[in-house]
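Chemist: Going line by line, the protein sequences match chains A and B. If you're matching positions, the first sequence starts at 28 in my numbering and goes up one per residue. If you're matching positions, the second sequence starts at 365 in my numbering and goes up one per residue. Idealized CB from N, CA, C, for every residue including glycine.
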Amino acid sequence: MKGTLGRFVRVLAGYGIKMLSLLLAVTILSFALVCASPVDPVQQYILGLGTAVSPEQRVEIEDYWGGDKPPVQRYLGWLSEVLRGNLGESSIYRRPVADVIAQRFLNSLALMLCAWALAGLIGFTLGCVMGTYRDRWPDRILKKLCYVLSAVPTFWVGLVFLLFFSVWLGWFPVGFSSPIGVLSEDVSLWQRLHHLILPALTLGMMSFPNIALHTRQKLIDVLNSEYVLFARARGEGKWTVLRRHGLRGTLLPAMTLQFASFAELFGGSVLAENVFSYPGLGSAASAAGLNGDVPLLLGVTLFSALFVCVGNLIANLLYRVVDPQIREGDKE
Amino acid sequence: MKRLNYRTKAVILAAALIVILVFLYALGSLIPESAVAGSFLEAGQPPSRKHLFGTDSLGRDLFLRTLKGMSLSLTVGFSASMISAVIAVVVGVIAATGSKRADAVINWVIDLVMSVPHTILVILISFAMGRGLKGLLIGIAATHWCSLARLIRGEVLQLRSQQYAAVSRKLGKSSGWILIHHLLPHLLPQFLIGLILMLLHAILHEAAISFLGFGLPPEQSAIGIILSESMRYLSAGMWWSAMLPGLSLVLIVLLVDRLGERLRTVLDPYSAQE
């Protein structure tokens with residue numbers, strides 16, 4: 028057992044180093060891209076202030092941004108600030124970037140979590156149905172549905188939902204009704220949920236076909252295996268086979284895939300949040316990009332990379348912890 | 365029709381799909397800018413025989429704008445995915461045939477590109493390029509090559525261990541010769557299918573990024589821009605400006621998807637027996 032633990036720690040350390048190197052590279056990459064931009068962060072910052080600035084103030088601001096230093100020095104300065112937890116100040120929200128990210132991430136997390144769970148649940152269930160009824164009408168209809176859905180852009184589904192449920196049926200707010208920027212503290216839980224349902228549904232709709240098709244394939248593989256043939260020969264019914272063998276064989280790959288799909292989830296949330304004016308990280312990212320808010324853009328990029336890395340880490344570890352085959356494979 | 369076998373049918377269907385796509389592209393690019401200028405007298409009209417998709421808030425005909433948008437989507441999608449597919453082949457072949465270190469570096473770079481959500485990365489690249497078509501193209505091309513590169517790397521590794529490659533090497537052929545005569549021809553099907561698959565994603569991404577307001581200027585007729593304009597008039601009941609252009613986008617993506625499926629059938633040697 029001690030050996031297993033040791034291996035586990037070593038694997039974890041390996042991932043940790045890789046993650047750190049990737050995150051470092053993300054900082055370099057994003058900083059280089061921002062430096063290459065024709066948008067001048069100092070100018071944007073002053074524009075954001077909305078007041079005239081004296082030359083002395085301008086010099087001060089330029090100094091803050093490291094204006095005339097070479098990019099490498101500026102990068103190192105920025106990085107050391109980031110490592111100390113100072114991500115700079117957002118020019119559109121007039122608050123420290125870390126605060127903006129923390130607050131908006133909570134909103135985004137609620138959205139992504141709902142969508143993620145929804146997509147996983149629907150996707151897995153439909154995948155099981157498709158696999159069990161392989162090549163019969165439920166499978167064929169659902170498969171068509173999945174293929175069509177994966178050809179539909181997320182934001183358009185959002186628009187259609189908005190049109191149906193908010194404009195025509197009037198069940199949900201049109202999104203714009205929530206103030207852009209801060210959700211005030213006294214918004215009730217129900218109101219929060221009310222604003223959450225449609226974006227979560229949109230985002231969930233987008234990610235379930237992938238998982239459903241994957242689960243279908245895995246389940247078909249399991250059901251074609253010899254141990255299932257033997258189980259059938261012993262007289263197990265369709266549902267018993269599914270419960271005893273099918274679910275066990277498919278749940279793990281499905282969960283791994285779910286964790287590994289954090290990048291698509293985040294990307295989708297940018298679109299969903301923009302359609303519904305949901306005050307999350309995604310809408311902050313696009314607003315930062317459009318308004319030249321460099322610190323916020325960098326912060327969100329870094330944070331999204333961290334988010335994706337954590338998802339991948341969980342996916343990898345999950346496989347290792349639960350699947351005995353991989354655990355045994357490590358020993359060789 | 366009965367006499368045609370599965371593959372022949374697939375070839376005919378694929379050709380038909382290509383013809384349709386080229387037709388849509390040509391149609392869109394032949395429409396002059398002046399045709400979509402519109403007049404305020406006709407602003408916000410629902411679909412009618414004169415304006416199949418209705419008009420937008422500036423009185424522009426949405427059907428013509430959508431057609432132009434589709435051709436733009438195809439142009440951007442095709443050029444971006446072509447660049448991306450070529451990158452994927454080059455990178456994949458280098459990873460498989462180069463030194464171990466090159467392989468490790470390439471794998472790491474792929475992990476790097478995959479570790480930032482694509483939407484965010486395209487926003488960043490578009491920001492770096494000062495928006496516009498160039499940023500959009502580079503952004504989409506730079507984010508889509510990863511999975512195909514991995515696929516091609518695996519394929520090349522497998523091909524290199526085949527007997528004919530080993531024999532070629534024993535006969536004294538250089539690795540460049542083997543690459544051109546043995547590896548690349550085998551990669552062609554993967555390349556084509558990967559290209560079509562990428563085209564599909566590139567079109568969706570182009571629409572999404574235009575929708576967010578990056579990429580093309582707002583007076584252009586990209587479907588993403590039409591849809592983002594329509595969002596402002598949704599509560600005014602202009603359903604047609606969101607539904608119909610969006611459906612056209614879905615249609616074009618489905619056409620590309622079908623094309624990829626047919627192509628796979630044609631290029632897959634195992635389907636010959638069916």
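Which stretch, first to last residue, makes up the alpha helix (DSSP H) that contains tryptophan 472 of chain B?
Modeler: Taken as a continuous stretch (DSSP letters only), the alpha helix (DSSP H) holding tryptophan 472 of chain B covers 464-479.
Chemist: Does any CB atom of chain A fall closer than 9 Å to the CB of serine 490 of chain B?
Modeler: Yes, its Cβ sits closer than 9 Å to a Cβ of chain A.
Chemist: How about valine 61 of chain A and alanine 492 of chain B: do their beta carbons lie closer than 9 Å?
Modeler: Yes, the Cβ-Cβ distance between valine 61 of chain A and alanine 492 of chain B is below 9 Å.
Chemist: Report yes or no: do the region 235-249 of chain A and the region 269-281 of chain A share at least 3 C-beta pairs separated by less than 8 Å?
Modeler: Counting Cβ pairs under 8 Å, three or more are found: they touch.
Chemist: My assumption, with CB atoms under 8 Å, is that proline 481 of chain B sits in contact with glycine 294 of chain A. Please give the rounded CB distance.
Modeler: With a Cβ gap of about 4 Å, proline 481 of chain B and glycine 294 of chain A count as contacting.
Chemist: Whole angstroms is fine: what's the gap from proline 410 of chain B's alpha carbon to glycine 418 of chain B's?
Modeler: For proline 410 of chain B and glycine 418 of chain B, the distance between alpha carbons rounds to 4 Å.
Chemist: Helix, strand or coil for aspartate 425 of chain B, going by three-state DSSP, please let me know.
Modeler: Three-state result, aspartate 425 of chain B: strand.
Chemist: Any beta-carbon of chain A closer than 9 Å to the one on tryptophan 541 of chain B?
Modeler: Output row for tryptophan 541 of chain B: interface = no.
Chemist: Look up glutamate 116 of chain A in the DSSP assignment and give the residues it is bridged to.
Modeler: According to DSSP, which records beta bridges pairwise, glutamate 116 of chain A is partnered with A:Pro123.
Chemist: If you compare alpha carbons, which of B:Val440, B:Trp603, B:Thr430 and B:Met562 is closest to lysine 498 of chain B?
Modeler: It is B:Val440.
Chemist: Just verifying my parser: in three-state terms, what is the DSSP assignment at serine 205 of chain A?
Modeler: Low confidence applies to serine 205 of chain A: its pLDDT is 47, below 50, so where it sits in the model is not reliable, and the reading given next is rough at best. Coil.
Chemist: Might you give, ordered along the chain, the residues of its own chain that have their beta carbon closer than 8 Å to the beta carbon of histidine 415 of chain B, omitting 5 neighbours on each side?
Modeler: If we look at histidine 415 of chain B and ignore the five residues flanking it on each side, its Cβ neighbours are Glu406, Gln409, Asp425, Leu426 and Phe427.
Chemist: Taking the alpha carbon of proline 581 of chain B as the reference point, which residue from A:Leu317, A:Val297 and A:Thr159 has its own alpha carbon closest?
Modeler: The shortest C-alpha separation from proline 581 of chain B is found at A:Leu317.
Chemist: Residues of chain B with CB under 9 Å from alanine 337 of chain A, in chain order?
Modeler: Note on identity: in this sequence residue 337 of chain A is valine, with alanine being the wrong assignment. Chain B residues near valine 337 of chain A: none, gap ~10 Å exceeds 9 Å.
Chemist: From phenylalanine 334 of chain A to leucine 106 of chain A, what does the alpha carbon distance come to, in whole angstroms?
Modeler: Roughly 19 Å separates the two Cα atoms.
Chemist: With methionine 446 of chain B and leucine 556 of chain B assumed to form a contact (beta carbons below 8 Å), what rounded beta-carbon distance in angstroms separates them?
Modeler: Rounded, the Cβ-Cβ distance is 11 Å, inconsistent with contact.
Chemist: Please decide whether aspartate 621 of chain B counts as near chain A, where near means a Cβ-Cβ distance under 9 Å.
Modeler: With 9 Å as the cut-off, aspartate 621 of chain B counts as an interface residue toward chain A.
Chemist: With 9 Å set as the bound, which would you pick, yes or no: does the beta-carbon of threonine 430 of chain B sit closer than that to a beta-carbon of chain A?
Modeler: Output row for threonine 430 of chain B: interface = no.
Chemist: Please report the residue range of the alpha helix (DSSP H) in which glutamate 570 of chain B lies.
Modeler: From DSSP, the alpha helix (DSSP H) with glutamate 570 of chain B extends over 548-576.
Chemist: Report the rounded CA-to-CA distance for isoleucine 224 of chain A versus histidine 550 of chain B, giving the unit in angstroms.
Modeler: Roughly 48 Å between the two C-alpha positions.
Chemist: Excluding the five sequence neighbours on either side, which residues of its own chain have a C-beta within less than 6 Å of the C-beta of tyrosine 12 of chain A, listed in chain order?
Modeler: An answer regarding residue 12 of chain A cannot be provided, because it is not within the stretch 28 to 359 covered by chain A.
Chemist: Could you pull out every residue in the same chain whose Cβ sits closer than 6 Å to the Cβ of arginine 310 of chain B, ignoring the five residues on either side in sequence?
Modeler: Missing from the structure shown is residue 310 of chain B; chain B here goes from 365 to 638 and no further.
Chemist: From this set, A:Pro322, A:Val321 and A:Val327, which residue's C-alpha is nearest glycine 309 of chain A's C-alpha?
Modeler: It is A:Val327.
Chemist: Whole angstroms is fine: what's the gap from tyrosine 42 of chain A's alpha carbon to leucine 324 of chain A's?
Modeler: Distance between the alpha carbons of tyrosine 42 of chain A and leucine 324 of chain A is about 26 Å.
Chemist: What is the residue span of the alpha helix (DSSP H) that glycine 276 of chain A lies within?
Modeler: Segment 274-287, the alpha helix (DSSP H) holding glycine 276 of chain A.
Chemist: Would you tell me roughly how many angstroms separate the C-alpha atoms of methionine 478 of chain B and phenylalanine 192 of chain A, rounded to the nearest one?
Modeler: The alpha-carbon atoms of methionine 478 of chain B and phenylalanine 192 of chain A are separated by roughly 35 Å.
Chemist: So with Cβ pairs under 9 Å, would you call alanine 378 of chain B a contact of chain A?
Modeler: Answer no: the Cβ-Cβ gap between alanine 378 of chain B and chain A never drops below 9 Å.
Chemist: Between the C-alpha atoms of proline 306 of chain A and serine 599 of chain B, what's the straight-line distance to the nearest angstrom?
Modeler: About 20 Å.
Chemist: Can you check whether the C-beta of methionine 562 of chain B is within less than 9 Å of a C-beta belonging to chain A?
Modeler: No, methionine 562 of chain B lies away from the interface with chain A (no Cβ there is under 9 Å from its Cβ).
Chemist: Pick from B:Leu485, B:Ala513 and B:Leu512: whose alpha carbon is nearest that of leucine 501 of chain B?
Modeler: Nearest C-alpha to leucine 501 of chain B: B:Leu485.
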